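2 protein chains.
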Amino acid sequence: MEKSIKVFAPASVTNVSCGFDVFGFALTEPGDELVLRIKNRKGLHISSITGDNGALPTTPEQNTAGKALISMMNELDFKMGIEIDIHKKMPLGSGLGSSAASAVAAVFALNEILEKPFTKKELIKYAIEGEKLTSGGAPHADNVTASMLGGFTAVKSILPLDVFKIPTTLKLFAAVVHPQIEIKTADARKSLKKEVLLKNAVTHWANTAAFVYALMTGDVKLLSRSIDDVIIEPQRAGLIPKFFEAKEAALRGGAIGSGISGSGPSIFSLFDDFNTAHQIGSELKKIYEQINLRCDLYISAVNYDGAKVLG
Amino acid sequence: MEKSIKVFAPASVTNVSCGFDVFGFALTEPGDELVLRIKNRKGLHISSITGDNGALPTTPEQNTAGKALISMMNELDFKMGIEIDIHKKMPLGSGLGSSAASAVAAVFALNEILEKPFTKKELIKYAIEGEKLTSGGAPHADNVTASMLGGFTAVKSILPLDVFKIPTTLKLFAAVVHPQIEIKTADARKSLKKEVLLKNAVTHWANTAAFVYALMTGDVKLLSRSIDDVIIEPQRAGLIPKFFEAKEAALRGGAIGSGISGSGPSIFSLFDDFNTAHQIGSELKKIYEQINLRCDLYISAVNYDGAKVLG
Numbered sequence: 000m001e002k003s004i005k006v007f008a009p010a011s012v013t014n015v016s017c018g019f020d021v022f023g024f025a026l027t028e029p030g031d032e033l034v035l036r037i038k039n040r041k042g043l044h045i046s047s048i049t050g051d052n053g054a055l056p057t058t059p060e061q062n063t064a065g066k067a068l069i070s071m072m073n074e075l076d077f078k079m080g081i082e083i084d085i086h087k088k089m090p091l092g093s094g095l096g097s098s099a100a101s102a103v104a105a106v107f108a109l110n111e112i113l114e115k116p117f118t119k120k121e122l123i124k125y126a127i128e129g130e131k132l133t134s135g136g137a138p139h140a141d142n143v144t145a146s147m148l149g150g151f152t153a154v155k156s157i158l159p160l161d162v163f164k165i166p167t168t169l170k171l172f173a174a175v176v177h178p179q180i181e182i183k184t185a186d187a188r189k190s191l192k193k194e195v196l197l198k199n200a201v202t203h204w205a206n207t208a209a210f211v212y213a214l215m216t217g218d219v220k221l222l223s224r225s226i227d228d229v230i231i232e233p234q235r236a237g238l239i240p241k242f243f244e245a246k247e248a249a250l251r252g253g254a255i256g257s258g259i260s261g262s263g264p265s266i267f268s269l270f271d272d273f274n275t276a277h278q279i280g281s282e283l284k285k286i287y288e289q290i291n292l293r294c295d296l297y298i299s300a301v302n303y304d305g306a307k308v309l310g
Numbered sequence: 000m001e002k003s004i005k006v007f008a009p010a011s012v013t014n015v016s017c018g019f020d021v022f023g024f025a026l027t028e029p030g031d032e033l034v035l036r037i038k039n040r041k042g043l044h045i046s047s048i049t050g051d052n053g054a055l056p057t058t059p060e061q062n063t064a065g066k067a068l069i070s071m072m073n074e075l076d077f078k079m080g081i082e083i084d085i086h087k088k089m090p091l092g093s094g095l096g097s098s099a100a101s102a103v104a105a106v107f108a109l110n111e112i113l114e115k116p117f118t119k120k121e122l123i124k125y126a127i128e129g130e131k132l133t134s135g136g137a138p139h140a141d142n143v144t145a146s147m148l149g150g151f152t153a154v155k156s157i158l159p160l161d162v163f164k165i166p167t168t169l170k171l172f173a174a175v176v177h178p179q180i181e182i183k184t185a186d187a188r189k190s191l192k193k194e195v196l197l198k199n200a201v202t203h204w205a206n207t208a209a210f211v212y213a214l215m216t217g218d219v220k221l222l223s224r225s226i227d228d229v230i231i232e233p234q235r236a237g238l239i240p241k242f243f244e245a246k247e248a249a250l251r252g253g254a255i256g257s258g259i260s261g262s263g264p265s266i267f268s269l270f271d272d273f274n275t276a277h278q279i280g281s282e283l284k285k286i287y288e289q290i291n292l293r294c295d296l297y298i299s300a301v302n303y304d305g306a307k308v309l310g
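Residue numbers (numbering that gives the first Met the number 0), protein chains in the order written: chain P, 0 to 310; chain D, 0 to 310.
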């Protein structure tokens, strides 16, 4: 038997200001494409990686997609061979869940080609095994969950894994600017204080409650008031040039909310209108052009589907 | 013009383990009854208070119901006279929002007799002015919001006031035991550490998000996993004799969740079945009888209506 499948797993914005390590949402673009082939030759082989400028390892055990697949193959006691081609169509180290997208694409592809032994939710734990490689060994599920399930997602706990997708009728659009400086997730985590003020923590848990309620009831104004970060953003904003200028421009321009995507340096802004997302996104990009910092811009509807088959 | 109205405002359980200073829910009983009369004689007069063993001041400025009414009368530029009778039908200092119930009953009564110049939500700010008297001057809105609106409620922020009621189709029942020791809210707050671990704060804001999602989707199991407190309960449990024994008995007996009500000493347990609430509530009461500590028991459906007119 030789079969092949091509899949897409989207980039994702996590934390979403109030929900550090909990909330995420998926983008329509960018993301990773991955081709998976079942081969008679045993073992897992990464045939090619494109779009990474040679940065990613092709040894399966050291590659997030490879590691995720190994964990799933072990569980399934999978004896045949697998070959994959990874097409990175998104930046690495951008705060947009690049490693999560690869890990999600890999396990989603194998699951589809095997006619779905697992649900998407069940696949998340295998993807997490892959993503661990880039987060300093600590398991994180926020990017993986958003990329896999799509929409707005929440990680209630990792051990045991307990995640859910927040239903909403809101049609939202994201403008994401990616100034070309690299921040490694593990480094960004190390810089965080281990203690926070109780009163700030209360603000956050009030906001995460309000965030879920606002999405589920379609209350855009409350959603806007909930997207606020008094704990992590003040500690990380200094790592990102012009962060506050960009955020304020976004909010002034009508963004529902704006903040650091994951551990940065990307900055997300959410809108309820595509044209405004496009216009304000372009303005934010100019802020970086004025200081001669290369900056990519992604305008994207929130992706409510998550990982999908391309062919 | 002389008119009168009789109203009821329920007791309330706040924090609900994961949502310190944010979540609350109203009980069907106990609660406060209040009679309000519009009089030609100017000014506000508290004619009588029953059920408080003489503990509460009848000077309006020092009484939570009185203070709340004064704040509302000032806003309305109300020139006529008001007389009230307060019938405390619930314990003071129990962690069940006694002062909030009185303040809510008072402003709700005046609003009803004036044919609703305000919505229930708008009334909350006047009730808070009354409740301030018992919380060491710091405004709190959690008990007031639950008692006024009924159901499960959340306080996103106090300044500005931003509250919402979490819709649910779940029919839930509470067993509340009140061991007869007194804990003052202001004292209980003082004993809390000002800093908390970030990782514990993340657990709480994941749980408050999950709590809202679980109520809104009717997911009792997730609701159960969300009702957990790794920050406040460990610090306060020592003030309540046999707390962990009671909580464990409740959970073993099928409670969805169990924890300290407000700042205690009452302990709430939530059930999806009245008979189980009744049976387990009786078992918890016995735990206190065995150590010769007087203990009241309230078995009550969650009250989805809040403050209401009695006649």
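Even for Gly, the Cβ is constructed at its ideal location relative to N, Cα and C. Since the structure is predicted, the reported quantities are computational estimates derived from the model, not experimental observations.
Can you give the Cα-Cα distance for Leu-75 (chain P) and Leu-33 (chain P), rounded to whole angstroms?
If I take the Cα positions, the gap works out to 21 Å.
Do Leu-283 (chain P) and Ala-249 (chain P) count as a contact pair if the criterion is CB distance below 8 Å?
Here Ala-249 (chain P) is near Leu-283 (chain P), since their CB atoms are less than 8 Å apart.
So is Lys-198 (chain P) buried or exposed if we call it buried at 16+ other beta carbons inside 10 Å?
Label assigned to Lys-198 (chain P): exposed.
Secondary structure of Arg-36 (chain P), DSSP reduced to three states
For Arg-36 (chain P), the three-state secondary structure derived from DSSP is strand.
Sheet register partners of Pro-178 (chain P) (DSSP bridge)
Pro-178 (chain P) pairs with P:Cys-294.
Interface flag, Val-154 (chain P) vs chain D, CB-CB below 8 Å:
With 8 Å as the cut-off, Val-154 (chain P) counts as an interface residue toward chain D.
For Thr-311 (chain P), the nearest candidate out of P:Ala-174, P:Ile-45 and P:Val-195 (CA to CA):
With chain P covering 0 to 310 only, the question about residue 311 (chain P) has no answer from this structure.
Return helix, strand or coil for Val-15 (chain P), following the three-state DSSP convention.
If DSSP states are grouped into helix, strand and coil, Val-15 (chain P) belongs with coil.
Taking 8 Å as the CB-CB cut-off, is Asn-14 (chain D) touching chain P?
No, Asn-14 (chain D) does not count as interfacial toward chain P.
For Glu-128 (chain P), tell me which candidate among P:Val-176, P:Ala-64 and P:Lys-155 has the shortest Cα-Cα distance.
Of P:Val-176, P:Ala-64 and P:Lys-155, the residue nearest in Cα terms is P:Ala-64.
Could you spell out where the beta strand (DSSP E) holding Gly-42 (chain D) opens and where it closes?
Start and end: 42 to 49.
Which chain P residues are close to Glu-194 (chain D), counting only those with a beta carbon under 8 Å from its beta carbon?
Within chain P, the residues near Glu-194 (chain D) are Glu-194, Val-195, Leu-196 and Leu-197.
Output yes if chain D places a C-beta closer than 8 Å to the C-beta of Thr-57 (chain P); else output no.
By the rule that beta-carbons nearer than 8 Å mark a contact, Thr-57 (chain P) does not touch chain D.
Output, in sequence order along the chain, the residues in the stretch 18 to 37 of chain P whose CB is closer than 8 Å to any CB in chain D.
Residues of the stretch 18 to 37 of chain P with a C-beta less than 8 Å from any C-beta of chain D: Gly-18, Phe-19, Asp-20, Val-21 and Phe-22, listed in chain order.
Suppose contacts are defined by Cβ-Cβ distances below 8 Å. Is Gly-23 (chain P) in contact with Asp-141 (chain P) by that definition?
Yes; because the gap between Cβ atoms is below 8 Å, this pair is in contact.
Could you list which residues in chain P have their beta carbon closer than 7 Å to that of Thr-207 (chain D), in chain order?
Residues of chain P whose Cβ lies closer than 7 Å to the Cβ of Thr-207 (chain D) are, in chain order, Trp-204, Thr-207 and Ala-208.
In this structure, what does DSSP give as the bridge partners for Pro-9 (chain D)?
The partner list for Pro-9 (chain D) (beta bridge, DSSP) reads D:Gly-30.
What span of residues does the beta strand (DSSP E) with Lys-87 (chain D) cover, start to end?
For Lys-87 (chain D), the enclosing beta strand (DSSP E) begins and ends at 80 to 88.
Touch test, the stretch 144 to 158 of chain P against the stretch 118 to 127 of chain P, Cβ-Cβ under 8 Å, three pairs minimum
Enough Cβ pairs lie closer than 8 Å, so yes.
List, in order along the chain, the chain D residues whose C-beta lies closer than 7 Å to that of Ile-165 (chain P)?
Neighbourhood of Ile-165 (chain P) in chain D, by CB distance below 7 Å: Tyr-212, in chain order.
Nearest neighbour of Gly-94 (chain D), chosen from D:Pro-159, D:Leu-292 and D:Val-12 [CA to CA]:
Minimum Cα distance to Gly-94 (chain D) is reached at D:Val-12.
According to DSSP, which residues form a beta bridge with Ala-153 (chain D)?
In DSSP, Ala-153 (chain D) forms a bridge with D:Phe-22 and D:Phe-163.
Which value, in whole angstroms, describes the spacing of the CA atoms of Ser-61 (chain D) and Pro-9 (chain D)?
Ser is not the amino acid found at residue 61 (chain D); the sequence shown has Gln there. In this structure, the straight-line span from the alpha carbon of Gln-61 (chain D) to that of Pro-9 (chain D) is close to 21 Å.
Spatial neighbours of Ala-102 (chain P) within its chain, please: CB distance less than 7 Å, with the 5 preceding and 5 following residues excluded, ordered by chain position.
Within the same chain, Ala-102 (chain P) has close Cβ partners Thr-63, Ala-64, Ala-67, Ala-126, Gly-129, Glu-130 and Val-143.
Cβ separation of Leu-26 (chain D) and Asn-302 (chain D), assumed to be a contact under 8 Å, to the nearest whole Å
Indeed, because the Cβ distance is near 6 Å, the residues count as touching under 8 Å.
How would you write the range of the beta strand (DSSP E) that Gly-256 (chain D) sits in, first residue to last?
Gly-256 (chain D) -> beta strand (DSSP E) spans 256 to 259.
Can you find a CB in chain P that lies within less than 8 Å of the CB of Leu-113 (chain D)?
No - not a single Cβ of chain P is within 8 Å of the one on Leu-113 (chain D).
Check whether the Cβ atoms of Gly-263 (chain D) and Lys-246 (chain D) sit closer than 8 Å, and answer yes or no.
The beta carbons of Gly-263 (chain D) and Lys-246 (chain D) sit no closer together than 8 Å.
Helix, strand or coil for Leu-269 (chain D) per DSSP?
DSSP places Leu-269 (chain D) in strand when its eight states are reduced to three.
Identify whether Leu-196 (chain D) lies in helix, strand or coil by the three-state DSSP scheme.
Reduced to three states, the DSSP call for Leu-196 (chain D) is strand.
Residues within the stretch 221 to 255 of chain D neighbouring chain P, beta-carbon criterion of under 8 Å
Listed in sequence order: Leu-221, Arg-224, Ser-225 and Ile-230.
From Arg-251 (chain P) to His-277 (chain P), what does the alpha carbon distance come to, in whole angstroms?
Arg-251 (chain P) and His-277 (chain P) have their C-alpha atoms some 14 Å from each other.
With C-beta atoms as the reference, is Ala-306 (chain P) less than 8 Å away from Val-6 (chain P)?
It is a contact, given that the beta carbons lie within the stated cut-off.
Since I believe Thr-207 (chain D) is in contact with Ala-100 (chain P) (beta carbons under 8 Å), could you give me their beta-carbon distance rounded to a whole number of angstroms?
That pair is no contact at about 28 Å.
With 16 other CB atoms within 10 Å as the buried threshold, where does Val-313 (chain D) fall?
In the structure as shown, chain D begins at 0 and stops at 310. Residue 313 (chain D) is therefore absent and cannot be evaluated.
Return the residue from the list P:Ile-230, P:Phe-273, P:His-203 and P:Lys-241 that minimises the CA-CA distance to Ser-190 (chain P).
When only C-alpha atoms are compared, the closest one is P:Ile-230.
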